[in-house]
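Novice: Just dropping this structure here.
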Amino acid sequence: MAGEKHGPNRLRNYLAIHDTIMHQFLGKGFVSSEDLSFSDLGNGVFLLEGTIQCLDGFRIAVSKRLHIVGGSLNRFPS
26 MAGEKHGPNR
36 LRNYLAIHDT
46 IMHQFLGKGF
56 VSSEDLSFSD
66 LGNGVFLLEG
76 TIQCLDGFRI
86 AVSKRLHIVG
96 GSLNRFPS
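Adding 25 to a residue's 1-based position in the sequence shown gives its number in the working numbering.
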């Protein structure tokens, strides 16, 4: 993991941080809308996918795979 900005994190924490940051961007007006969603692909792999609409018509297409590296793989946190 040399050179990576962040190390492993609990999925529940990752989701909470993601929601907090997106709400901050929406609240400050930098992001006007987003349709990001998480999908459980099975075998400890999750997909974050969708679009973020920003100021001045900028649009960010997101497709990010998250891999569970340890712990229980029972289900996606609610």
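The beta-carbon is built from N, C-alpha and C at its ideal position, and this holds for glycine as well.
Check for me: the alpha helix (DSSP H) holding residue 81 runs from which residue to which?
Specialist: Looking at the DSSP string, residue 81 is not in any alpha helix (DSSP H), and its letter there is neither H nor E.
Novice: If you check the beta carbons only, do residue 75 and residue 87 fall under 7 Å apart?
Specialist: Yes, the Cβ-Cβ distance between residue 75 and residue 87 is below 7 Å.
Novice: Using the three-state DSSP reduction, which class does residue 60 fall into: helix, strand or coil?
Specialist: Looking at residue 60 - three-state DSSP - the assignment turns out to be coil, as it is neither helix nor strand.
Novice: Straight-line CA distance for residue 51 to residue 73?
Specialist: Residue 51 and residue 73: Cα-Cα distance of roughly 18 Å.
Novice: For residue 71, is the classification buried or exposed, using 16 other Cβ atoms within 10 angstroms of its Cβ as the cut-off for buried?
Specialist: Buried, because 16 or more other Cβ atoms sit within 10 Å of the Cβ of residue 71.
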